[in-house]
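I have placed the structure first, in the form of structure tokens, so that the comments after it can refer back to it.
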Amino acid sequence: MDFEITHEQRMLVETVRGFIKDELAPLEQEIEETGQLPDEIARSIFEKSRALGLYGMNIPEEFGGGGLSALETMMVEEQFGHTTDILIRRAFGNVYEVLLSCEGPQVERWLLPSVRGDRVCSIAFTEPGAGSDAAGIRTRAERKGDKWVLNGMKHYISDGAFADFFVVTAVTDPAKGHRGISMFLLDKGTPGFNIGRDQPMMGLRGTSHLDLHFDDVELTDENLLGTEGEGLKLALSVLGRVRLAQVAARSIGKATKVLQMTLDYARERVQFGQPIGEFQMVQQMLADSAMEISAARSALWQCAWEIDAGLDPRARISVLKVQGSETLGRVVDRAVQIFGGMGYSKDLPIERYYRDARIYRIFDGASEIHRGVIAKSLLKGGAQLFDPWGA
Numbered sequence: 001m002d003f004e005i006t007h008e009q010r011m012l013v014e015t016v017r018g019f020i021k022d023e024l025a026p027l028e029q030e031i032e033e034t035g036q037l038p039d040e041i042a043r044s045i046f047e048k049s050r051a052l053g054l055y056g057m058n059i060p061e062e063f064g065g066g067g068l069s070a071l072e073t074m075m076v077e078e079q080f081g082h083t084t085d086i087l088i089r090r091a092f093g094n095v096y097e098v099l100l101s102c103e104g105p106q107v108e109r110w111l112l113p114s115v116r117g118d119r120v121c122s123i124a125f126t127e128p129g130a131g132s133d134a135a136g137i138r139t140r141a142e143r144k145g146d147k148w149v150l151n152g153m154k155h156y157i158s159d160g161a162f163a164d165f166f167v168v169t170a171v172t173d174p175a176k177g178h179r180g181i182s183m184f185l186l187d188k189g190t191p192g193f194n195i196g197r198d199q200p201m202m203g204l205r206g207t208s209h210l211d212l213h214f215d216d217v218e219l220t221d222e223n224l225l226g227t228e229g230e231g232l233k234l235a236l237s238v239l240g241r242v243r244l245a246q247v248a249a250r251s252i253g254k255a256t257k258v259l260q261m262t263l264d265y266a267r268e269r270v271q272f273g274q275p276i277g278e279f280q281m282v283q284q285m286l287a288d289s290a291m292e293i294s295a296a297r298s299a300l301w302q303c304a305w306e307i308d309a310g311l312d313p314r315a316r317i318s319v320l321k322v323q324g325s326e327t328l329g330r331v332v333d334r335a336v337q338i339f340g341g342m343g344y345s346k347d348l349p350i351e352r353y354y355r356d357a358r359i360y361r362i363f364d365g366a367s368e369i370h371r372g373v374i375a376k377s378l379l380k381g382g383a384q385l386f387d388p389w390g391a
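Just so you know, we're using full-length UniProt numbering here: the sequence shown kicks off at 1 and counts up by one.
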């Protein structure tokens, strides 16, 4: 494996990092205080990002995206971790790869407008009784003549307030279990589709988390994404990339930023006549954070390289989801401890990072779920899954 960074990759990362520093970081505090990103500001950062070719970078060039490899995408996603969720969504887009399953009229109606930034997509899988258990959904789509009739609800749907349409999972054949789940594309404003409450959250200020209600919503086969019964397979594929990019890579990016802020503070804060960075117990916390970030990044890049090489990434994605999210949790916890009272104060962003970090161990499959996936993979395939020598 050659992880040497090319000139083009370095320029890409520096461009994204500079855009985040100059255009997005100055907006963070207002969003934290108000919980809102004004529409005119959202439009402005979107237009600036699109003009630089930074919107929809994960989508192949043939559909108007940036055509980045998996490894390049992870490099960029690390930088996305340097600012807040809502600003990343508006500036760089959340163009889910599942939309690449669009065919025929679906391409013009949903895929291409998403890549251009003309329409925003949100994923609607989670239900009150089905979080980590993606196959446990109860939302139902029944075939009635040439129509599908959708009933049920979803909740905690991120970015639902801003989205123009949703990718929704629904049971189409209860007798087939997980093979009886299908996926649908559903426009906001469709009769019978109603938006419920925005669930207040501990962190991620500015990002909406809505309830969605479906009451006899009539759809056609044009709304069916992929083939009937393929919904869970598609859902797990999109969740895999989300777990790797939006959880693992962004966790590593956030942890890196928090560590740098902590290092700066440890050099400047003086107690007992010397910078606190001179105290061995503070040094241990800094060293532990650096070691964990380095290990997580190496594992992330290896996983991305294997994806680009066409290898099955599922077990490694579960490893990274746990490793990245838990590394972030420990790094930011140490930061609060080193900053002391100022780390607990809202005058500095450390407490915001602490709150935001907590959800990373929960959404897109809790750490406990992924540990189970890893263990089952080991028991089924043996340690060679993680052994390059195939022992």
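We treat Cβ as the ideally placed atom computed from N, Cα and C, and that holds for glycine. All figures in this text were calculated on a predicted structure; none of them were measured in a lab.
Judged by DSSP in its simplified three-state form, Leu348 adopts coil rather than helix or strand.
Excluding the 5 residues flanking it on each side, Ala124 has same chain C-beta neighbours closer than 7 Å at Lys154, Ile157, Phe166, Val167, Val168, Leu212, in chain order. Among the bridge pairs identified by DSSP, Pro275 is matched with Val270.
The C-alpha of Val76 is placed about 17 Å away from the C-alpha of Phe46.
By the Cβ test, the segment 81-93 is in contact with the segment 17-33, since at least three Cβ pairs between them sit closer than 8 Å. In this structure, Gly253 and Gln79 form a Cβ contact; the two beta carbons are roughly 6 Å apart against a cut-off of 8 Å.
Closest in C-alpha terms to Leu224, from the list Glu8, Gln106, Arg267, comes Gln106.
If you draw a straight line from the Cα of Glu218 to the Cα of Gln36, it comes to about 33 Å.
A check of alpha carbon separations from Pro388 across Leu311, Gly343, Trp110 identifies Leu311 as the nearest. For the pair Tyr360 and Leu328, the CB atoms are nearer than the 8 Å cut-off.
Of the candidates Asp146, Asn94, Gly196, the residue whose Cα lies closest to the Cα of Ser114 is Asn94.
Considered as a whole, the segment 103-152 harbours 112-116 as its complete alpha helix (DSSP H) runs of no fewer than 4 residues, in chain order.
Here the alpha carbons of Arg241 and Ala161 stand approximately 23 Å from one another. With contact defined as three or more Cβ pairs closer than 8 Å, the segment 243-262 and the segment 277-297 are in contact. In the displayed model, Tyr55 falls within coil according to three-state DSSP, outside both helix and strand. In the structure shown, Asn94 falls within a coil segment according to DSSP collapsed to helix, strand and coil. Taking C-beta atoms as the reference points, Ser367 and Glu326 count as a pair closer than 8 Å. In the same chain as Ser132, and ignoring 5 residues on each side of it, the C-beta atoms closer than 7 Å to its own belong to Gly365, Ala366, Ile369, in chain order. From the listed residues Lys144, Leu186, Asp173, the smallest Cα separation to Ala163 is found for Leu186.
Taking the Cβ atoms as the reference, Glu97 lies roughly 7 Å from Asn58, within the contact range of under 8 Å. Less than 8 Å separates the beta-carbon of Thr220 from that of Asp146. Counting only the Cα atoms, Tyr55 lies some 40 Å from Gly277. With respect to the 8 Å criterion, Ile350 and Met285 are not classified as neighbours on the basis of their beta carbons.
For His370, the uninterrupted alpha helix (DSSP H) run begins and ends at 367-381, by DSSP. By the CB criterion at 8 Å, Ile317 and Leu385 fall outside the cutoff.
Within the DSSP secondary-structure output, Ser182 pairs in a beta bridge with Ala170. Distances from the alpha-carbon of Gln302 to those of Arg119, Arg179, Ala266, Ala249 put Ala249 closest. Gly231 places its beta carbon less than 8 Å from that of Met183. The C-alpha of His209 lies about 8 Å from the C-alpha of Met201. Excluding residues up to 5 positions away in sequence, nothing lies with its Cβ nearer than 6 Å to the Cβ of Asp2 in the same chain. Ala304 places its beta carbon less than 8 Å from that of Ala70. Shown here, Gly18 sits in a helix according to DSSP, grouped into three states. Taking 8 Å as the cut-off, the Cβ atoms of Ala141 and Ala170 count as close.
Closest by C-alpha distance to Pro60, out of Leu99, Val336, Arg10, Phe272, is Leu99. Between Asp215 and Gly192, the CB-CB gap stays under 8 Å. Shown here for Arg116: same chain residues with a beta carbon closer than 7 Å to its own, the five before and five after excluded, namely Gly64 in chain order.
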